[in-house]
Every structure is written in C-alpha cells, then in structure tokens.
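Our numbering puts the first sequence at residues 1 to 490.
Quick notes on the structure that follows.
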Amino acid sequence: MDAPLRLYNTRTRQKEPLQTREAGVVHLYVCGLTPYDSMHVGHARTFVAFDVLRRYLEHKGWQVVHVQNWTDIDDKIIRKANELGISAKEVAERFIAEAEEDCRTLGLLRPHLMPKVTEHIPDIISAIQTLLDKGFAYARGGDVYFDVSRYESAFHDYGLLSGQTREELIAGARVEPDEDKDDPMDFALWKAAKGGEPFWESPWGFGRPGWHIECSVMSLKYLGAPFDLHGGANDLVFPHHENEIAQSQALTGIKPIVTHWMHSGVLTVGGEKMSKSLGNFVTLRDALKRHGKNALRLLFLSTHYRSPLDYTEERAEGAKASLNRIRMALEAIKNRLALPTGEATDAAQKRTEQLWEVVREGTRLFYAAMDDDLNTAEAIGYLFRMVGAALVTGVTAKEPPSAAEKEALLALRERLTSLLNLLGFDLAELEAPQRLDDALSENLLQLLVEIRQQLRQRKLFDLADLIRSRLGDFGIVLEDTPQGTRWRRS
RNA sequence: GGCGCCGUCGCCGAGUGGCUCAGGCGCGGGAUUGCAAAUCCCGAUACCCGGGUUCAAUUCCCGGCGGCGCCUCCA
C-alpha cells in the first residue's frame with residue numbers, strides 16, 4: 001500500500017524500508033517480560049511502541065506474526081520465590097496473569113504467540129548441544145558457556161549491534177570473579193543448579209537455561225530463519241541481543257539472522273531510568289488507575305519511540321488535558337451535525353472547503369509522519385490540527401451547517417476516529433458518557449444538579465456555587481452550558 | 001575510560017539550510033458565563049557555547065560544555 005514504511009534499523013544505523021522474507025508477511029519477535037514483579041510504566045512504554053508498530057503494519061496491509069516471550073525462569077524469579085516462600089513457578093504464574101491483565105487494560109493487542117522458557121527446555125537443550133557440537137560452546141562443571149572469541153573468528157560481527165568491538169566491550173566490562181569462563185565475554189547457556197533452585201535434567205547435569213538462549217531458540221522455532229523484525233527496549237541491545245545474534249547465527253550459519261532490529265528508548269524518572277533496581281518505578285496498574293489508558297498512550301506517543309521519555313505526574317495530567325481536547329472536538333462535531341441542515345451560503349461554502357482541506361492535508365501529513373520511522377509525535381500534531389478545526393467550526397459558525405458542510409464534518413469525524421483508532425486509542429472510552437460507580441451515586445448527583453438548577457433560576461447563586469465547589473472537592477466538575485448543566489470527572 | 005543518543009518557547013515535544021520553527025500543557029489579555037468551567041479569538045517567550053562551511057545555519061562540519069542510555073540484571 002502506497003509509500004513504504006521506513007524504520008530505523010539498529011543493525012545498520014539507518015532508516016530502511018522493511019524487507020521481509022515472505023511477501024506481505026512480517027515475522028516479528030519482541031522481547032517480553034521476566035514475570036517476577038508488577039509491570040511498570042517503562043515496560044508499558046515499550047510495548048505500546050510495538051503495539052503501534054503492529055497496528056500500523058497491519059493497517060498497511062501486512063500480515064504480522066507477532067511473538068513475545070515470557071522469561072519465566074530466572075535468578076530474580078527464584079529470589080522472589082524464596083522471599084515469598086512459594087515456588088518459582090507460582091511466582092511466574094502470578095505475575096504473568098497480572099501482566100496479561102494490565103496489558104489488556106492498556107489496550108495492547110495480544111501477541112499471537114507468547115511462549116515460555118519452561119515449556120521449551122528440550123528445545124533449548126538441543127540447541128546448546130548443537131552449539132557444543134559445532135564448537136561454539138564449552139562445558140565447565142555443570143555450566144555451559146558460549147565461546148565468544150570462537151564465534152568472533154567465524155562470524156566477525158560480535159558487537160555490531162552495540163557498535164563496539166569485542167575488545168572494547170571487554171575493556172569496559174567489570175570483572176566478575178569466581179566464574180569458570182575462558183574469557184570475560186563468554187556467557188552462560190546453561191547454569192548448573194544450586195541448592196534450592198528449580199532445575200531440569202540435561203546432558204550436563206541438573207540446571208536451567210541462561211538468559212539469552214531462550215530468545216534464540218523460541219524466535220527461530222516460531223519465526224524461522226532469517227526473520228524480519230526483532231524488537232525490544234534499547235537496554236537489551238547489549239548484552240542480550242548481541243548474544244542472541246551470536247547464538248542464532250552460530251546455530252543456523254545464517255547471517256544476518258534478523259534483518260531489522262527495532263529498539264525503543266527507555267522511560268526515565270527525574271532523568272534516571274525507571275527500573276526495579278533503582279526503585280523509582282510507578283506500576284502500570286497505578287498509572288492506569290490514575291490517568292487511564294488513553295492518557296498514558298497519548299503521553300507515550302507524544303515522544304518519538306526511540307527517544308528517552310521522562311515520566312512525571314504533571315505530564316500525565318497534561319496528556320489527560322490534551323485528551324479532553326480531542327473529546328471536546330468529537331462532541332463539537334456531534335452537536336453541529338445534530339443541527340437542522342441550513343442553506344449553502346458563501347460562509348458555509350468556505351467553511352466546508354476549509355474542513356475538507358484539513359481532512360485531506362491532515363491525513364496526508366499524518367501518514368507521511370508515520371511512514372517516517374513511526375513519528376507518532378509529529379503525526380499527533382496533525383491530529384490536533386483536525387481537532388482544532390472541529391472545535392473552531394463548532395463555535396464560530398453562527399448558522400446551521402449546510403448539507404455539504406455536514407458531509408465534510410462527517411468526513412472529519414470519520415478521519416479523526418479512524419486515525420485515533422489506528423494509534424490504538426480506545427474510542428469507546430473516549431466518547432463514552434462518564435459514569436459514577438453505582439446507580440445511587442448517579443441519581444444523587446442528578447438530584448444535586450437539578451436542585452442547583454432551581455437555585456440558579458432563583459438567583460441563589462451562593463448556594464449553587466457551594467454545591468459546585470463541594471462537588472469539585474469530590475472530583476466532579478460541573479459545567480453550565482446553554483444545553484444545560486453537565487458533569488465530568490476532574 | 002569506550003560506544004551510542006541528545007541539548008529547540010515556562011514545561012513537554014516535532015521539525016527544517018533561507019517563508020520568525022508543528023502540536024500539547026501552562027501563562028497573559030479579550031469574547032462567552034450570574035460567577036465559573038469548557039470553548040473560541042489575540043498574545044508573549046526558544047533553537048547550549050565557540051569556531052568553520054555557505055550569499056544564508058537552529059538545521060551541515062569541528063571543538064567545547066551539559067544530560068541520558070549501554071558497557072552488570074533490566075522493557
């Protein structure tokens with residue numbers, strides 16, 4: 001469909017059109033979570049980026065095969081299990097269930113496949129065996145390590161993704177004592193079980209997989225080789241993705257194993273990366289509760305996906321206010337369409353032309369921005385031009401809309417909603433009438449509004465204002481409009 | 001120390017070799033309102049510093065300074 005999407009490729013360090021193995025099909029692998037704690041806003045940012053990627057690809061007519069793994073066995077899970085006094089499996093299951101729910105609430109499209117490490121142990125063991133057989137790995141005690149220097153002499157590309165040579169990486173690496181590795185760059189494919197850890201049987205004894213091998217095994221298993229697009233946040237570039245490339249290429253002999261690498265920028269708080277270890281995280285759950293899925297999405301998409309994004313409550317509130325503007329625009333269109341059809345005056349003619357112009361140009365520019373490395377921030381700018389146009393006509397036009405203007409308004413609304421939908425916004429929620437928690441509350445609020453209306457008619461404004469101000473304390477905003485009083489949550 | 005990214009209005013954030021450079025939030029003035037809110041109109045304020053290339057640089061190049069990410073588990 002029309003212009004190709006150009007995406008920045010970490011591997012080549014430039015924007016490139018997507019090249020796929022199979023015409024019309026994108027094989028996409030995104031690194032998923034290690035379920036040892038609640039999802040935080042930083043995770044959400046990354047997954048929203050890939051969610052929009054997928055939506056946009058599908059919109060452009062691609063079929064996307066989207067695989068995202070669960071790293072459901074890992075040091076941190078084991079530590080958590082010991083803390084809570086339950087099994088590692090229970091920890092993983094608990095946080096997977098929680099994350100699945102959070103992702104649903106956020107409005108993320110579910111990946112087609114979400115494979116788990118613990119369900120692929122035999123595949124992993126056989127891959128490690130292949131690496132051993134090919135001489136790219138060595139066993140040491142009950143551990144198995146990947147031999148990076150051996151790999152490097154065969155493939156000459158270790159460090160390509162992170163832009164560093166093997167030597168440079170070693171120079172910056174911290175020394176890890178008491179490890180039996182031949183070389184500081186080597187990494188574990190299989191870890192011998194220590195006391196109290198979950199384990200699986202293998203040719204090297206009881207143990208469990210290292211971190212990187214799972215992604216090689218599961219991506220190759222479900223997507224084939226080479227595959228088109230691999231994503232993750234950019235803090236995974238080294239060592240995770242670098243090692244994954246080495247493993248997968250050593251396994252298959254295919255290079256490059258992944259055509260296109262896409263990395264999202266990390267989320268920061270007060271300029272520092274949001275992470276569990278720094279303790280500066282906000283759980284997705286809390287953020288969703290406070291700001292809602294649409295505001296969070298708008299916040300994320302207002303910054304290019306590769307840039308770092310600093311998360312503050314103020315910005316989240318700002319996003320909420322912006323969202324309200326969109327809501328008002330849709331309402332303004334609705335109200336104007338509800339008016340009786342007027343005559344096609346010169347003014348109406350002019351307004352109609354302007355509306356069409358905004359629809360045409362806005363759409364064109366929107367897609368151009370999206371095609372240029374998913375520039376959602378710019379695209380949203382054009383969206384707001386349409387929003388502005390809707391709000392202006394809703395107010396400045398003194399006369400009812402002509403038939404032609406109504407047609408233009410319908411087109412504007414259609415365009416606005418379809419583009420919002422394309423970016424993954426939940427229009428139903430955006431347009432839904434606001435509700436309180438229960439029917440009684442709604443009835444009581446309605447009663448207060450009616451009483452206040454009476455008070456206003458009798459010019460007892462101090463009492464009317466008291467009601468408004470007290471409701472404000474509860475987070476209810478009253479707005480008196482020519483069509484009557486309406487309320488919304490603050 | 002190495003690699004990479006970045007430094008644009010009060011805040012956030014697109015973007016461009018020359019038309020004073022989107023958009024959002026916030027702020028000031030006005031319209032509207034019983035007063036507000038919402039909306040509309042008007043407005044102000046920016047391209048880190050120093051060189052260079054160029055007729056012209058915020059945009060390209062070099063050098064500073066500052067920030068962030070990665071080099072260790074991390075989305």
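Ideal Cβ placement from N, Cα and C applies to all residues, glycine included.
Listed in chain order, the non-local C-beta contacts of E378 below 7 Å within the same chain comprise A369, local neighbours out to five positions each way being set aside. Taken through DSSP and simplified to helix, strand or coil, Q14 comes out as strand.
Under the three-state reduction of DSSP, P226 is assigned to coil, being neither helix nor strand. T34 is positioned such that its CB atom lies closer than 8 Å to that of I77. Annotated as distal: G394 and A316, with beta-carbon spacing of 8 Å or more.
Under DSSP, Q68 forms a beta bridge with V30. Each residue's CA atom was taken as its position, placing T485 and L460 some 16 Å apart. Assigned with DSSP and collapsed to three states, S162 falls in coil, not helix or strand. Taking the Cα positions, G475 is about 10 Å away from S469. Residue range 6-9 is occupied by the beta strand (DSSP E) that includes N9, with no alpha helix (DSSP H) assigned at that position. About 5 Å separates the beta carbons of V117 and D72, which is inside the 8 Å limit, making them a contact pair. The three-state reading of DSSP puts D465 in helix, counting H, G and I together.
Taken atom to atom, the span from the alpha-carbon of E201 to that of P209 is near 11 Å.
The stretch 214-234 and the stretch 25-32 touch, with three or more beta-carbon pairs separated by less than 8 Å. Under the three-state reduction of DSSP output, D74 falls in the coil class, being neither helix nor strand. Taking the CA atoms as reference points, A439 sits about 32 Å from L416.
Just so you know, the alpha carbons of S87 and Y311 end up roughly 34 Å apart.
Under DSSP, W356 shares a beta bridge with no residue.
Under a 10 Å Cβ-count criterion, L298 is classified as buried, with 16 or more other Cβ atoms of the shown protein chains found around its own Cβ.
Taking G362 as the centre and dropping the five residues before and after it, the same chain places the C-beta of Y382, R385, M386 closer than 6 Å to its C-beta, in chain order. Under the criterion of beta carbons closer than 8 Å, R452 and I467 qualify as touching, at roughly 5 Å. Apart from the 5 residues on each side of it in sequence, Q129 sits with its Cβ closer than 7 Å to the Cβ of P203 in its chain, given in chain order. Residue pairing of Q63 in beta bridges, as defined by DSSP: V25. A straight-line Cα-Cα distance of about 30 Å links D102 and E242. Spanning the alpha carbons of L251 and I121 requires a straight line of approximately 16 Å. DSSP lists T485 as the beta-bridge partner residues of D480.
S38 places its beta carbon 8 Å or farther from that of R290.
Taking C-beta atoms as the reference points, R336 and P401 count as a pair closer than 8 Å.
L391 and I245 have their C-alpha atoms roughly 51 Å apart. Within the same chain, L109, L422, L423, G424 come within 8 Å of R55 by CB-CB distance, once the 5 residues on both sides are set aside. Under the three-state reduction of DSSP output, S275 falls in the coil class, being neither helix nor strand.
For V395, there is no enclosing beta strand (DSSP E); the enclosing alpha helix (DSSP H) has its first and last residue at 376-396. Secondary structure of T268 (DSSP, three-state): strand. Counting along the chain, the unbroken alpha helix (DSSP H) around F300 starts and ends at 284-301.
Per DSSP, the unbroken alpha helix (DSSP H) holding G318 starts and ends at 313-337. Within the stretch 417-456, the alpha helix (DSSP H) runs of at least 4 residues that lie entirely inside it are, in chain order, 427-431.
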